[in-house]
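Structure first, then comments.
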Amino acid sequence: MESFTSGLISLEEAQAAMLAQLQPVRDRLSVPLADAVGRITALPVTSPVDVPPFDNSAMDGYAVRLADIQSSRPLKVAGKAFAGAPFTGEWPAGSVVRIMTGAPVPAGCDAVVMQEETREAEDGILINAPVKAGQNIRLVGEDIRRDQPVLEAGVRLGTAELPLLASLGIAEVSVLRKLRVAVFSTGDELQPVGQPLAAGQIYDTNRFTVSLMLRKLGCEVIDLGIIRDDPQALRVAFTEADRQADVVISTGGVSVGEADFTKTMLDELGVISFWKLAIKPGKPFAFGRLASSWFCGLPGNPVSATVTFYQLVQPLLAALTGQRASPLPPRLRARAATRLKKSPGRLDFQRGVMSRGADGELEVRSTGHQGSHVFSSFTAANCFIVLERERGAVEPGEWVEIEPFNALLEG
Ligand code: AMP
Ligand code: MG
1 MESFTSGLIS LEEAQAAMLA QLQPVRDRLS VPLADAVGRI TALPVTSPVD
51 VPPFDNSAMD GYAVRLADIQ SSRPLKVAGK AFAGAPFTGE WPAGSVVRIM
101 TGAPVPAGCD AVVMQEETRE AEDGILINAP VKAGQNIRLV GEDIRRDQPV
151 LEAGVRLGTA ELPLLASLGI AEVSVLRKLR VAVFSTGDEL QPVGQPLAAG
201 QIYDTNRFTV SLMLRKLGCE VIDLGIIRDD PQALRVAFTE ADRQADVVIS
251 TGGVSVGEAD FTKTMLDELG VISFWKLAIK PGKPFAFGRL ASSWFCGLPG
301 NPVSATVTFY QLVQPLLAAL TGQRASPLPP RLRARAATRL KKSPGRLDFQ
351 RGVMSRGADG ELEVRSTGHQ GSHVFSSFTA ANCFIVLERE RGAVEPGEWV
401 EIEPFNALLE G
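Residues 1 to 411 in full-length UniProt numbering are what the sequence shown spells out, letter by letter.
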């Protein structure tokens with residue numbers, strides 16, 4: 001292709017180049033379970049106990065020995081076993097023990113008969129269903145054996161993992177240290193939120209967005225504010241950021257305008273790849289190494305900054321924090337419910353609303369204006385509509401790929 005999109009590098013190439021160079025953090029520390037949400041396991045976790053810790057009843061009913069239930073005579077009830085209060089008495093031949101769910105089964109018990117399969121007679125209970133050895137007994141270690149690995153290293157701890165550790169009585173977990181990430185925005189037109197705007201000024205959205213997403217990802221944020229479009233001010237900011245952080249993220253100044261000094265500064269201070277990415281929004285993007293940190297230069301337009309952070313920086317940070325799995329959800333197929341404007345040349349991340357159509361298939365509609373300055377396009381959206389690089393406009397009814405937002409953009 002000879003158009004202006006030739007020579008652009010693909011998202012996959014950029015992602016691969018970034019991930020190829022990384023060394024995840026190594027320092028680890030032990031944290032209480034309640035403070036471990038969002039942290040990454042530094043070591044595999046093994047179970048200190050058997051789960052369940054003892055044979056116990058899966059039902060409310062009666063603990064029986066098979067030898068005692070061969071005749072059809074009523075069976076006396078020798079006592080009761082509750083969860084937390086085992087049966088400790090004598091268990092005479094020809095009797096059963098009343099037992100509740102979770103109670104330890106008494107020694108010698110072969111099976112538990114559920115209450116619904118028994119009937120109370122005058123001098124005991126009658127069983128009115130066949131009984132199999134072992135039925136309704138949860139065996140010690142049946143779920144997890146002591147010393148069995150339950151989590152690998154590199155797992156992000158959330159509500160699917162932490163309760164599992166709690167159920168094993170694990171009070172502290174070894175995690176990797178947090179990443180320190182410095183962030184600043186560049187632009188003479190930017191004002192911090194909370195200040196009145198003078199003519200030609202706009203509010204600094206990106207530093208807010210990036211800091212918010214960094215906190216959600218569990219990073220320590222070093223906020224270096226707004227840096228003017230001035231080489232010396234940028235030099236100071238980059239040097240300071242590099243000194244303090246593992247990763248430095250700036251926004252703006254990466255295009256080819258006369259006030260775009262980011263590239264010049266980085267050439268002076270580090271080893272930087274400048275990419276024109278074949279994605280929309282978010283064409284200009286810089287990645288590389290400063291003296292002691294990684295660097296990501298996001299485009300200035302708020303939608304572009306958010307999309308490149310989400311698609312490129314998020315996987316990079318996940319890898320740097322030691323996380324094994326990709327943080328990006330798998331893509332799904334959906335039918336376009338509205339027309340989607342597009343010209344061939346770049347992979348497009350439009351913002352969409354996915355829902356289940358009348359025929360049970362996923363469908364997706366556009367959130368409307370997709371300009372890279374229209375941040376409200378994110379507000380109603382719950383997914384990206386990912387349109388292939390060479391594809392043109394999409395007509396209603398055509399199939400497209402969608403990528404549901406993860407927790408970084410939802411909630
Ligand atoms: P730049 O990449 O610096 O040329 O900026 C591209 C566009 O994004 C311009 O319209 C800028 O005013 C706007 N922009 C840059 N940085 C920010 C920011 N932090 N918040 C909101 N808009 C920005
Ligand atoms: Mg600028």
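In this text, a Cβ means the ideal position worked out from N, Cα and C, and glycines have one as well.
Range covered by the beta strand (DSSP E) that runs through L43: Locating residue 43 in the sequence shown gives position 43, where the first residue counts as 1. That residue, L43, is in no beta strand (DSSP E); it is neither H nor E in DSSP.
Residues near A393 in its chain [Cβ-Cβ closer than 7 Å; skip 5 each side]: Residue numbering aside, residue 393 sits at position 393 when the sequence shown is read from its first letter. Once the five neighbours on either side are set aside, the close Cβ partners of A393 are R339, L340, K341 and K342.
N- and C-terminal bounds of the beta strand (DSSP E) containing P231: Locating residue 231 in the sequence shown gives position 231, counting from the first residue. Segment P231 to Q244 is the alpha helix (DSSP H) holding P231; no beta strand (DSSP E) there.
What residue does the beta strand (DSSP E) around T118 start on, and which one ends it? The count along the sequence shown starts at 1 and reaches residue 118 at position 118. Start and end: T118 to A121.
Cβ of P302 within 6 Å of any heavy atom in ligand 4? In the structure on display, ligand 4 does not appear, and the ligands it does have are ligand 1 and ligand 2.
Which residue wins for smallest C-alpha separation from P149, given the options I137, N382 and L168? Here the question's residue 149 lines up with position 149 in the sequence shown. The shortest Cα separation from P149 among I137, N382 and L168 belongs to L168.
Does the distance from the CB of A63 to the CB of P106 come in under 7 Å? In the sequence shown, the residue the question calls residue 63 occupies position 63. In the sequence shown, the residue the question calls residue 106 occupies position 106. Result yes, Cβ atoms of A63 and P106 sit closer than 7 Å.
Within 10 angstroms of its Cβ, does T159 collect 16 or more other Cβ (buried), or is it exposed? Mapped onto the sequence shown, residue 159 falls at position 159. Exposed, by the Cβ-count rule.
In the DSSP assignment, find the unbroken beta strand (DSSP E) run with D348 in it and report its ends. As a working mapping, residue 348 is identified with position 348 in the sequence shown. Looking at the DSSP string, the run of the beta strand (DSSP E) that includes D348 is L347 to R356.
Buried/exposed call for R119, threshold 16 Cβ in 10 Å: Residue mapping note: residue 119 aligns to position 119 of the sequence shown, counting from 1. Exposed is the call here.
What's the call for G84, buried or exposed, on a 16-neighbour Cβ count within 10 Å? Within the sequence shown, residue 84 is the residue found at index 84, counting from 1. G84 should be labelled exposed.
Let me confirm a value: K132 is counted as buried when at least 16 other C-beta atoms fall within 10 Å, else exposed. Which label applies? Walking along the sequence shown from the start, residue 132 turns up at place 132. K132 is exposed by the Cβ-count criterion.
For the structure I just gave you, are there three or more beta carbon pairs, one from the segment 307 to 315 and one from the segment 324 to 335, closer than 8 Å? yes
Which residues bound the beta strand (DSSP E) around L29? Here residue 29 refers to the residue found at position 29 when the sequence shown is read from its first residue. Here the beta strand (DSSP E) through L29 covers R28 to P32.
Do the CB positions of F295 and V248 come within less than 7 Å of each other? Numbered from its first residue, the sequence shown carries residue 295 at position 295. Numbered from its first residue, the sequence shown carries residue 248 at position 248. Yes, these two residues count as a Cβ contact at 7 Å.
In chain order, what residues of the same chain lie with their CB nearer than 8 Å to the CB of L33, ignoring the 5 residues before and after it? As a first step, residue 33 must be located in the sequence shown, where it is residue number 33. Here the set comprises L162, L165, A166, I170, A171, E172 and V173.
Say the cut is 6 Å; is the CB of G253 nearer than that to a heavy atom of ligand 2? Locating residue 253 in the sequence shown gives position 253, counting from the first residue. Yes, the beta carbon of G253 sits closer than 6 Å to at least one heavy atom of ligand 2.
Less than 7 Å between C-beta atoms, sequence neighbours within five positions excluded: which residues of the same chain meet that for E189? Within the sequence shown, the letter at position 189 stands for residue 189. Same-chain partners within the cutoff: G200, Q201 and I202.
When the Cα atoms are used, what is the spatial distance from F349 to Q370? Translated into positions along the sequence shown, residue 349 becomes position 349. Translated into positions along the sequence shown, residue 370 becomes position 370. Cα-Cα distance, rounded: 9 Å.
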